[in-house]
Each structure stands twice: as structure tokens, then as C-alpha cells.
């Protein structure tokens with residue numbers, strides 16, 4: 001039995017799918033390795049920690065079902081395409097991270113130290129955010145709470161937090177709240193003021209155009225192109241030209257147009273069918289739809 005670390009240098013010469021299968025097979029030896037280590041004797045806390053660390057690798061056994069990929073040729077082809085597309089996405093990912101860093105630096109310059117607030121909205125400065133204030137929880141119920149000077153969960157005080165905040169905004173979850181905090185931001189170490197800088201919304205408009213729209217579409221396009229190239233390579237193995245492949249695809253995907261028509265032309269069913277498919281009936285329906293739209297627009 002060869003231990004996996006001795007075989008790792010040879011894995012770089014294997015295809016991606018074969019390498020993953022080899023990795024899964026190697027991970028299956030982890031339970032046996034932990035048993036052998038525990039039975040080799042010796043006490044001490046250091047050996048106990050080593051054994052627990054090795055046993056924690058058993059979680060990786062959940063990857064075993066992926067070995068079924070090699071039994072399904074079509075699924076294996078899709079898996080190979082995904083792995084190959086990652087190579088093409090790497091360059092775009094570098095550009096993505098570079099632009100993300102640029103936007104993070106700009107955000108730090110615009111919003112650093114401006115995402116603080118007092119729990120009492122009537123206080124704008126930290127020096128005034130002291131003592132207690134009254135909170136009305138009901139019609140006849142009043143409660144005193146302590147004033148606290150806090151910072152929003154997502155802010156731009158440094159590049160690291162700016163990157164995290166921008167990534168959260170790019171996911172589309174919770175970004176309206178971040179936008180509101182940015183628009184309400186005033187000066188450093190000062191509380192927010194509603195709608196103080198509405199022009200800051202332009203920053204998020206540009207960010208959404210560059211990242212969620214532009215870069216995401218590039219990633220999807222690269223994966224689609226990789227799938228197409230993989231399909232072209234498979235067709236080249238059969239020595240087919242581009243026009244021949246197009247003819248084969250058309251013959252496979254072509255579907256004849258069918259038109260259902262009553263056979264008896266003297267029947268009532270045929271007369272109704274002829275009336276329904278006639279151009280005057282079609283124009284009448286379009287006119288009714290247009291009139292309906294106008295009526296809906298005139299409603300108050």
C-alpha cells in the first residue's frame with residue numbers, strides 16, 4: 001500500500017478528474033491511519049491532539065459520493081468542463097479582485113469614521129451620547145435606556161472591512177440598508193443625518209454596474225464558452241467539419257411544424273377553426289387588448 005504523500009508529485013501529471021478520484025481514494029485511508037496511530041502506543045497530550053486531528057479528517061469522507069462521476073460519462077464531461085473553466089476564470093478573478101480593492105480604497109476615503117450613531121437619534125456627537133433617554137414602548141409604558149455610541153455592523157473604517165461590506169453589497173442581500181447609511185453619513189465621529197449626501201448613491205450605482213452586472217456576466221460567458229469548446233473538441237474526434245456539425249445539430253433538434261385542422265370541412269368545428277385562425281379575428285383580439293390597456297391606464 002502506497003501512502004498518498006509519496007504519490008502527490010505524480011498527481012500533477014494526471015487529468016483533473018483522475019486527480020480528484022485519487023484524492024477521494026486517499027482520504028478513505030484516513031480512518032485506518034487513525035486506528036494505526038492510536039494502537040501504536042504512547043501516551044501524552046501531544047499524541048492525543050495528533051490523533052484527534054487525524055480523526056477530524058473523517059469529515060472529508062462525505063466527498064465519496066463524487067466517485068460516482070466516473071460511472072456516468074455525461075456527468076464526467078460536465079465535471080471536466082467545470083474544472084477547465086476554472087483555469088479560464090482565474091485571469092478574470094484577478095481583475096475582479098483588483099477592481100474590488102480599488103472600490104474598497106475609494107469607499108474608505110469617502111466613509112471612513114462616518115458610520116457611527118447614537119442609540120438616541122436626537123444626539124449627533126459622541127460627547128452628547130451619555131446618560132439615559134426615554135423610550136415609549138406602548139401607550140402608557142415608558143422605559144429608560146442608556147445612551148450608547150455604536151458603529152454599524154458593516155462599515156468602511158479600513159480596507160478589510162470595506163472589502164467585506166462591498167462583497168455583502170454585491171450579493172444583493174442587505175445592500176439597501178448599507179446605501180441608506182452611506183447617504184445619511186455626515187462627518188467623522190458624527191451621527192447620521194437623513195439624506196445628508198444623496199450624491200453618494202452614485203458610488204453604489206457604478207459599483208453595481210461594474211460588479212454584479214458586468215463581472216458576473218463575464219464569469220457565466222466564460223463557462224458557456226468552455227462548454228462549447230469542449231463540445232467542439234469532442235466533435236473534432238469524429239473528423240467532422242463545422243458545417244457538417246451544424247447539419248447534424250439541426251437534424252437532431254429540428255421539429256416539424258404541425259397544424260391541427262378538422263378533417264370534415266362541412267362540420268361546425270371546421271367553421272369555428274377557420275374563423276379563429278382568420279386574420280380579422282386576430283386583429284380584433286389585438287384591438288381589444290389595446291383598448292383594455294388604455295382603460296387600465298385611465299383608471300384612477
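In the UniProt record's numbering, the protein residues as written are 1 to 300.
Every residue, glycine too, gets a C-beta built ideally from N, C-alpha and C.
Within 7 Å, strictly: CB atoms of residue i and residue j
| i | j | result |
| --- | --- | --- |
| residue 223 | residue 85 | yes |
| residue 269 | residue 262 | yes |
| residue 166 | residue 104 | yes |
| residue 155 | residue 115 | yes |
| residue 69 | residue 60 | no |
| residue 215 | residue 136 | no |
| residue 81 | residue 230 | yes |
Residue from the options whose Cα sits closest to the Cα of residue i
| i | options | result |
| --- | --- | --- |
| residue 125 | 193, 248, 296 | 193 |
| residue 180 | 255, 256, 111 | 111 |
| residue 113 | 288, 186, 233 | 186 |
| residue 150 | 95, 295, 191, 251 | 191 |
| residue 147 | 120, 170, 153, 159 | 120 |
| residue 173 | 266, 256, 243, 208 | 208 |
| residue 87 | 62, 170, 225, 71 | 225 |
| residue 206 | 106, 90, 66, 127 | 106 |
| residue 133 | 81, 228, 144, 57 | 144 |
| residue 160 | 102, 213, 171, 176 | 102 |
| residue 259 | 267, 252, 274, 175 | 274 |
| residue 67 | 122, 79, 297, 56 | 79 |
| residue 77 | 266, 109, 250, 233 | 233 |
| residue 220 | 299, 71, 62, 93 | 93 |
| residue 201 | 176, 290, 83 | 176 |
| residue 189 | 127, 64, 203, 140 | 127 |
| residue 169 | 291, 287, 203 | 203 |
Residue i burial status per 10 Å Cβ neighbour count (16 or more: buried)
| i | result |
| --- | --- |
| residue 335 | In the structure as shown, the chain begins at 1 and stops at 300. Residue 335 is therefore absent and cannot be evaluated. |
| residue 178 | buried |
| residue 138 | exposed |
| residue 129 | buried |
| residue 118 | buried |
| residue 100 | buried |
| residue 162 | buried |
| residue 153 | exposed |
| residue 184 | buried |
| residue 142 | exposed |
| residue 294 | exposed |
| residue 277 | exposed |
| residue 108 | buried |
| residue 62 | exposed |
| residue 213 | exposed |
| residue 14 | For residue 14, the pLDDT reaches just 48, beneath the cut-off of 50, and the residue's location in the model is therefore unreliable, although a value from the coordinates is still provided. Classification of residue 14: exposed, given that the 10 Å Cβ count is below 16. |
| residue 282 | exposed |
For residue i: DSSP bridge partner residues
| i | result |
| --- | --- |
| residue 136 | 142 |
| residue 149 | 118 |
beta-carbon residue i near the ligand ATP non-hydrogen atom, thresh 6 Å
| i | result |
| --- | --- |
| residue 270 | Absence of the ligand ATP is noted for the structure shown, with no ligands found whatsoever. |
**Study point:** alpha helix (DSSP H) runs contained entirely in the segment 227-299, provided each spans 4 or more residues
**Key:** 242-253, 268-276, 279-298
Exercise for review: At 4 residues or longer, and completely inside the segment 163-229: list those alpha helix (DSSP H) runs for me, N to C.
Suggested key: 175-184, 201-208
Review point. Of all the alpha helix (DSSP H) runs that stay within the bounds of the segment 59-124, which reach a length of 4 or more residues?
Key: 73-111
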